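Numbering (the numbering used here), first residue to last: 5 to 368.
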C-alpha cells in the first residue's frame with residue numbers, strides 16, 4: 005500500500021521522499037473505478053485525481069472497487085501543484101486534457117464511449133464531424149496519444165491506431181452456483197439511458213421474469229449498487245444468467261460488467277449486436293425478439309446445469325479475449341507511445357487557448 009494513502013495533502017505540503025531511479029508515477033483522472041483499478045497491474049504508482057465536477061460520487065467509490073495498491077487520492081489543485089515528474093497523464097475526456105494543460109508531461113486519452121452515444125446522452129445536435137475534427141486538431145497540436153477500449157469506440161471518434169480492451173482475471177471470482185433462479189443486470193442511470201440500454205426491449209422480454217437490477221439509479225426504489233466488490237462477486241456467483249442489451253448505434257455489445265459476469269460463470273442473454281462476444285447457444289442466447297428472449301430466460305431458469313455449462317464457456321471467452329496480462333502489456337506500450345508523441349508536439353498545451361476546444365469537452 006502506498007504510504008500516503010491514509011494522509012491528506014495540500015498544495016505546497018508534499019512529502020520529501022527518496023525515489024528510486026526506476027520508480028514511475030502516473031497521474032490518472034478518476035472516471036470509472038473498475039477500469040482505473042486495473043491500472044494497478046502496471047506496476048507504477050498512481051496519483052488518482054478525485055472530486056471532479058460532473059461525477060455523481062466525488063471521491064473514490066469503494067462500492068465499485070477498492071483503491072489499487074500503490075495509489076493515493078489527490079485533488080486537481082494538488083495534482084497541478086505536485087512536484088512529481090509524472091511518467092504520463094491518463095485522461096478520459098477533453099475536459100481532463102484541458103484541466104491538465106499546465107502540466108509538462110506526456111498525455112494519453114482513453115476513449116470509453118462512442119461519440120454517437122455521448123451526443124445522444126447529452127441530447128446534443130452538434131455536428132459529430134466537427135467534434136472529431138476538434139479533438140484530432142487538439143491532440144495533434146499537443147502531441148497527445150489516444151487509446152480506445154474497443155474498435156467500435158475508436159472508429160466512432162476516428163482513432164483506430166491503438167485499441168486496448170480492458171482486462172479481467174477470472175481467478176478473482178468465486179465459482180458459479182446459480183442458486184438463485186433469477187437473471188441479473190447491472191447498469192447505472194437507466195432512466196436517462198433507456199434508448200441506449202434498449203430498455204423497452206428489456207421490459208417487454210422480461211416482464212414477469214425475475215431479474216435483479218443492480219446499480220446507481222436513485223429514481224428507482226429498491227435498486228442499489230453493490231456494497232463493495234466482494235458483495236458484487238457474491239451477487240454474480242448466485243444469479244442464474246446475466247442480461248446485456250445495447251443499441252448498436254450508441255454502445256458496444258459488451259462492457260466490463262458483462263465481462264465480469266462471464267468471468268463469474270454466468271451465461272448472457274442479449275440482443276444481436278455486431279460486437280457481442282456471445283456465441284448463440286454456447287455462451288448465451290441472442291435475439292432481438294422479446295418473446296424469444298423470454299423463452300431463453302425460462303430455459304435457463306429451469307435448467308441450472310445448462311446455465312452452468314454455458315457459463316463455463318463464457319468464462320473461457322473472458323480468458324481468451326480479456327486477459328489482464330494482455331492489458332498490462334498493451335497499455336504499457338500505449339504509455340510509451342504517448343511519451344514519444346509528446347516530444348513531437350507542435351504547441352505547448354499551457355499556451356493554447358482552451359475556449360475553441362470546450363465544445364468537444366462538453367460531450368467527450
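Note that the Cβ used here is the ideal one computed from N, Cα and C, for glycine as well. Note that the coordinates shown come from a computational prediction; the quantities given were computed from them, not determined experimentally.
Rounded to the nearest whole angstrom, the CA to CA distance from residue 221 to residue 348 is 44 Å.
The alpha-carbon of residue 133 is positioned some 46 Å away from that of residue 182. In the structure shown, the three-state DSSP call for residue 246 is strand. Where residue 268 is concerned, there is no enclosing beta strand (DSSP E), because DSSP gives it neither an H nor an E. Residue state for residue 179 is assigned as coil, using DSSP reduced to three classes. Residue 251 and residue 86 have their C-alpha atoms roughly 42 Å apart.
Close CB contacts of residue 78 within its chain, under the 8 Å cut and outside five residues either way in sequence, are with 13, 51, 52, 53, 54 and 86 (chain order). For the options 142, 210 and 336, the alpha carbon positioned closest to that of residue 302 is the one of 210. By a beta-carbon distance limit of 8 Å, residue 184 contacts residue 243. Their separation comes to about 5 Å. Contact annotation: the region 59-76 touches the region 231-246, with at least three C-beta pairs closer than 8 Å.
Within the region 279-329, complete alpha helix (DSSP H) segments of at least 4 residues are found at 294-306 and 308-325, given in chain order.
In this chain, residue 129 is not harboured by any beta strand (DSSP E), its DSSP state being neither H nor E. For residue 29, the enclosing beta strand (DSSP E) begins and ends at 29-33.
Under the Cβ criterion (8 Å, minimum of three pairs), the region 259-269 does not count as touching the region 89-105. Closest option to residue 110, judged by alpha-carbon separation, among 197, 93 and 118: 93.
Note: residue 230 is not bridge-paired with any residue in the DSSP secondary-structure output.
The residues 345, 346, 348 and 349, in chain order, have a CB closer than 6 Å to that of residue 147 in the same chain once the five nearest residues on each side in sequence are set aside. For residue 216, the uninterrupted beta strand (DSSP E) run begins and ends at 215-218, by DSSP. Of the residues 286, 116, 271 and 206, the one whose Cα lies closest to the Cα of residue 170 is 116.
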